[in-house]
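Peer 1:
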Amino acid sequence: MNQSKSKIDLYDQLAAQLSSLLAGERDLIANAANFSSLIFHALPDLNWAGFYFAKDDELVLGPFQGQPACVRIRVGQGVCGAGASKCETVIVPNVHEFPGHIACDSASNSEIVVPLMKGERLIGVLDLDSPLIGRFDADDADGLERLAGILIEVSG
Ligand code: SME
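For our numbering, count along the sequence shown from 1 and bump the result up by 25.
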């Protein structure tokens, strides 16, 4: 099995696990907490996985797994703020080459940020950090967007 196929299989499994983990619960914070724990333990080579939620012009720290992180990020600032302002997934293969990257954990070398959208409205972002350079690719973007969609749908 090639690497891409096994990664897609892993996201298929995670989608099924997430759906059953969140079934019957609509609280966004509780569901985001279980979401971050599930992916932090299931996806290899992560040092941080969690959420920032949109409040006014800022992103405010939500449930996460990993080292303590900065609490408030202005929309447009850092990788999270870039994903939030574009409302698009941002993959950063090397955070040290990203202008304005906010270093919360010195172990982080690559990052992916997925916006959480409810229709046209930005709810927040999902943020994953890895100690590996180039850890995240288009399959991660597709898989994580699918998982984020489950969270938003269930927590409606
Ligand atoms: N690196 C992020 C900040 C959040 S932490 O990675 C948890 C950024 O540049 O927005």
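For every residue, glycine included, the Cβ atom is placed at its ideal position computed from N, Cα and C. Note that the coordinates shown come from a computational prediction; the quantities given were computed from them, not determined experimentally.
DSSP state of Gly-101, grouped into three classes?
Peer 2: In the structure shown, Gly-101 sits in coil (DSSP, three-state: anything other than H, G, I, E or B).
Peer 1: Starting from Asp-34, follow the alpha helix (DSSP H) in both directions and report where the run begins and ends.
Peer 2: That run of the alpha helix (DSSP H) goes 28–47.
Peer 1: Please work out which residues of its chain come closer than 6 Å, Cβ to Cβ, to Glu-160, disregarding the five sequence neighbours upstream and downstream, and give them in chain order.
Peer 2: In the sequence under discussion, the amino acid at residue 160 is Arg, which differs from the Glu named in the question. Answer for Arg-160: Asp-70, Ser-135, listed in chain order.
Peer 1: Please list the terminal residues of the continuous alpha helix (DSSP H) segment that includes Asn-157.
Peer 2: According to the sequence as given, residue 157 is Leu; it is not Asn. That residue, Leu-157, is in no alpha helix (DSSP H); it is neither H nor E in DSSP.
Peer 1: Please determine, among Val-120, Ala-58, Val-150, Gly-49, the residue with the shortest C-alpha to C-alpha distance to Glu-83.
Peer 2: Per the Cα distances, Val-150.
Peer 1: The alpha helix (DSSP H) with Ser-62 in it runs from where to where?
Peer 2: Start and end: 53–67.
Peer 1: Looking at Gln-90: is its Cβ nearer than 8 Å to the Cβ of Ser-62?
Peer 2: Yes. Within cutoff.
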